[in-house]
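If you count by mature numbering (1 follows the signal peptide of the UniProt record, and there is no 0), then the sequence shown holds residues -19 to -1, 1 to 462, one letter each, in order. See below for the structure under consideration.
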Amino acid sequence: MRLKLLTVALAAAAIPALGHSEDLVEAYQQALLNNPTLAQANAQYLATRESIAQARGALLPQINGTGSFSQTNGNSYSLSSAVPVYATVPTSNGGTALVRDYGAQSLVTNGGTTGHTRTMAWTATASQTLINFAQFGQVRVAHASTAAQEQSYEAALQTLAYNVAQAYLTILTDQEQLAYAQANASALKGQFDQAQAQFDNGLTAIQSLLQAKAAYQQAQAIVYTDQATLADDREALTQLTGKPTGQLKRLRYDMPLDPPQPASEALWVQKALNSNPTLLSSQYTVQADERSIDVARAGHLPTLSASASYNNSRSWYQHGGSPTSTGNNGDTVIGVSLNIPIFSGGVIQSQVREAIYNRDAAVDSTEAERRTVTRNTLNNYRQILAGINTVQADRLAVESGLKSRDATVAGYTAGTENMIDVLNAQQTLFSAQSSYTTARHQFVLYQLALKQAAGVLGLSDLTQVNNLLTADSNGLPPLSP
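Pasting the structure below:
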């Protein structure tokens, strides 16, 4: 999986930059190399994959060896003679007499020796599982769990691609919104200055002046808000890529508005149900839980294993001179062990029930994910179709708004329109411009979201969007005041 990630990153790096501005593919390349969420998903996959080796290892021969060494120190003595013991006892006439005590004697040793006994032993044991259905099942569980985690990584990869595109296009939307807001504020500033001059010359009432001033101040507040929003959204892209966000290429205004291909809701839903990595991960999780039920039930079944061991021990005694061997034993044991579970206090039955409940939960989770994928696929497909009409309608609305605003300003100058009419026309134009820029960028995002829901979003899709970008970002967007 690390190789896959590196391959994608190198493929992205092979695409040359089209200018000094950073494009979408360059941002995605940086995210592939630096995004911690993607790295975490990759590490989780690699960790889960190790369970396969661990499950297989339990079925391979197990060889162990042990060794020990001990020393016992001790002293030995020899008895040379017994010395009689006498006691003084009183007599009847008041005197004393020396009498031998035949019940006691004093032992005298004739020297002794000091030595030690050393013992060395080692054992080699080899065992091999012959029949263990629980361990066989663990291998299948490990494979299914690894497949689920691999699909989770694929989902993280596609999510990153979409998130980078979303963050990138959000910045482009913010930039156009800010440009429209600044143009709107500039136009309202002109209306305010004109109203101020007319008021100073006594040609208009103070109501018109206050209305123009309020509209201008509100427009200026929108500019401040849009500036803060743009700064935060630039940080959002930096959070994904790990690199400061520089100047970005903008989306062309003459971009094509193509419907999805194939032009069938049912085909897109079928593709999503077959390829969506999050859904596939859930399905593999169900498989893993099914295998876990088999593992739990295998606790009732007998196990059979073979083993062979060799034991060797040697001991010797030494005192003063050379050591004297006292034993050298070795034996080999070969056997087969059959273990038959009889009663486990209900633990195995409980483990089986637990595994079944986990499987049922995974099945329900998969069904919920299937419905979510179906809904998202249909929604994104329909939003693309709606977006074609929305972008076209918003563009016409901007064109009409420009003409209406210009005509209203001309009427105000001629005295046939009042300040409220001018301000309303300007606000209508600004609203249409905001809707237009949002619809253009959202249309591209819905195209990518449809690919993500279908489980096929990749570098080629970002490259197609990249081809719609241009480094020419100077000046106001078209259809501006």
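Every residue, glycine too, gets a C-beta built ideally from N, C-alpha and C. Keep in mind it's a predicted model, so treat the numbers as computed, not measured.
Beta bridge counterpart(s) of residue i as assigned by DSSP
i                : result
aspartate 312    : Asn292
phenylalanine 50 : Met101
serine 286       : Thr110 and Ser318
leucine 150      : Note: leucine 150 sits in no beta bridge, so no partner.
glutamate 131    : Glutamate 131 pairs with nothing; no bridge assigned.
glutamate 3      : Leu229
threonine 451    : Arg231
asparagine 45    : Thr106
Residue i versus residue j: straight-line alpha-carbon distance, rounded
i              : j                 : result
aspartate 312  : isoleucine 44     : 17 Å
threonine 418  : serine 381        : 16 Å
serine 296     : threonine 127     : 52 Å
isoleucine 33  : glycine 316       : 29 Å
asparagine 263 : histidine 124     : First, the residue type needs correcting, since residue 263 is serine and not asparagine in the sequence shown. Computed Cα separation, rounded: 14 Å.
arginine 231   : phenylalanine 424 : 15 Å
leucine 184    : leucine 191       : 14 Å
threonine 154  : histidine 422     : 7 Å
valine 328     : alanine 279       : 12 Å
proline 322    : serine 51         : 39 Å
alanine 217    : leucine 141       : 13 Å
asparagine 346 : tyrosine 265      : First, the residue type needs correcting, since residue 346 is serine and not asparagine in the sequence shown. Answer to the nearest angstrom: the Cα atoms are 12 Å apart.
arginine 30    : glutamine 220     : 29 Å
tyrosine 234   : alanine 195       : 33 Å
alanine 430    : leucine 383       : 33 Å
glutamine 198  : glycine 392       : 24 Å
leucine 13     : valine 122        : 30 Å
alanine 178    : aspartate 387     : 20 Å
serine 46      : arginine 99       : A small fix is needed here, since residue 46 is glycine in this sequence, not serine. Those two C-alpha atoms are separated by around 20 Å.
alanine 186    : alanine 176       : 9 Å
serine 49      : phenylalanine 324 : 37 Å
asparagine 448 : serine 189        : 48 Å
threonine 444  : leucine 138       : 16 Å
valine 446     : threonine 394     : 45 Å
asparagine 293 : glutamine 35      : 32 Å
valine 309     : alanine 289       : Rather than valine, the amino acid found at residue 309 in this sequence is asparagine. Approximately 20 Å, taken between the alpha carbons.
glutamine 158  : serine 385        : 21 Å
tyrosine 291   : glutamine 109     : 15 Å
alanine 343    : arginine 334      : 14 Å
Neighbour flag for residue i against chain C, beta carbons, 8 Å
i           : result
glutamate 3 : Considering every chain present, this structure includes no chain C. It has just one protein chain.
From the options, residue whose alpha carbon lies closest to that of residue i
i              : options                           : result
glutamine 373  : Thr394, Arg340 and Ser416         : Ser416
aspartate 453  : Leu229, Pro17, Val425 and Gly316  : Leu229
threonine 353  : Leu254, Arg215, Leu150 and Asp213 : Leu254
alanine 160    : His124, Ala200 and Tyr9           : Ala200
asparagine 54  : Gln25, Tyr298 and Leu377          : Tyr298
alanine 349    : Asp375, Gly368 and Leu260         : Leu260
alanine 435    : Pro243, Leu13 and Thr18           : Pro243
residue 487    : Gln177, Gly280 and Gln130         : The question about residue 487 has no answer, for the chain in this structure spans -19 to 462.
threonine 355  : Lys432, Asp213, Arg215 and Thr104 : Lys432
threonine 451  : Pro42, Pro240, Leu141 and Met236  : Met236
asparagine 370 : Asn309, Ala142, Ala20 and Asp239  : Asp239
glutamine 414  : Ala178, Ile187, Arg376 and Asn16  : Arg376
aspartate 213  : Ala388, Ala36, Ala107 and Ile152  : Ile152
alanine 107    : Arg215, Pro42, Val333 and Pro17   : Pro42
arginine 363   : Ala391, Tyr427 and Ala388         : Tyr427
alanine 162    : Pro17, Asn182 and Val204          : Val204
serine 412     : Thr100, Asn165 and Gln330         : Asn165
leucine 404    : Phe173, Pro258, Ala202 and Arg351 : Phe173
serine 245     : Asn292, Ala36, Gly38 and Leu366   : Leu366
glutamine 332  : Tyr291, Ile274 and Arg351         : Ile274
leucine 19     : Arg351, Asn257 and Thr222         : Thr222
glutamine 330  : Leu40, Ala277, Ala378 and Pro17   : Ala277
Closer than 7 Å: residue i CB and nearest the ligand SAM heavy atom
i           : result
alanine 178 : Because no ligand of any kind appears in the structure shown, any question about the ligand SAM cannot be addressed here.
Does the pairing of the region 246 to 255 with the region 345 to 365 give three or more beta-carbon distances under 8 Å? Segment contact: the region 246 to 255 against the region 345 to 365, three or more CB-CB distances shorter than 8 Å; contact assigned.
Counting pairs of beta carbons, one from the region 280 to 291 and one from the region 107 to 126, are three or more of them closer than 8 Å? Yes: the two stretches touch, three or more of their Cβ pairs being nearer than 8 Å.
Does the region 130 to 150 come close enough to the region 399 to 410 that 3 or more CB-CB pairs lie under 8 Å? No: the two stretches stay apart, fewer than three of their Cβ pairs being nearer than 8 Å.
Any chance the region 166 to 173 sits against the region 403 to 423, with 3 or more Cβ pairs inside 8 Å? Using a Cβ-Cβ distance cut-off of 8 Å, the region 166 to 173 and the region 403 to 423 are in contact, since at least three pairs of beta carbons, one from each stretch, lie closer than that value.
List in chain order: all unbroken alpha helix (DSSP H) runs of 4+ residues lying wholly within the region 233 to 260. As far as the region 233 to 260 is concerned, its whole alpha helix (DSSP H) runs of at least 4 residues are 246 to 256.
Specify whether the region 431 to 441 and the region 208 to 222 touch according to this definition: at least 3 beta carbon pairs, one from each stretch, less than 8 Å apart. With a cut-off of 8 Å, the region 208 to 222 and the region 431 to 441 do not count as touching, because too few Cβ pairs lie within range.
Touch test, the region 330 to 342 against the region 257 to 275, Cβ-Cβ under 8 Å, three pairs minimum: Judged by pairs of C-beta atoms under 8 Å, the region 330 to 342 touches the region 257 to 275, as three or more such pairs exist.
Tell me whether the region 139 to 146 and the region 5 to 12 touch, counting them as touching only if at least three CB pairs, one residue from each stretch, are closer than 8 Å. Taking one beta carbon from each stretch, the region 139 to 146 and the region 5 to 12 have 3 or more pairs nearer than 8 Å; the two touch.
Does the structure place the region 219 to 227 close enough to the region 8 to 23 that three or more beta carbon pairs sit under 8 Å? With the cut-off at 8 Å, the region 8 to 23 and the region 219 to 227 touch.
Could I get the ranges of all uninterrupted alpha helix (DSSP H) runs contained in the region 3 to 34, with 4 residues as the minimum, in chain order? Unbroken alpha helix (DSSP H) runs of no fewer than 4 residues, entirely contained in the region 3 to 34, are found at 5 to 15, following chain order.
Unbroken stretches of the beta strand (DSSP E), 3 residues or longer, contained in the region 367 to 449: Segments of the beta strand (DSSP E) lying fully in the region 367 to 449: there are none.
For a minimum of 3 consecutive residues, which ranges assigned as the beta strand (DSSP E) are wholly contained in the region 155 to 206? Listed in chain order, nothing qualifies, since the region 155 to 206 has no complete beta strand (DSSP E) run of 3 or more residues.
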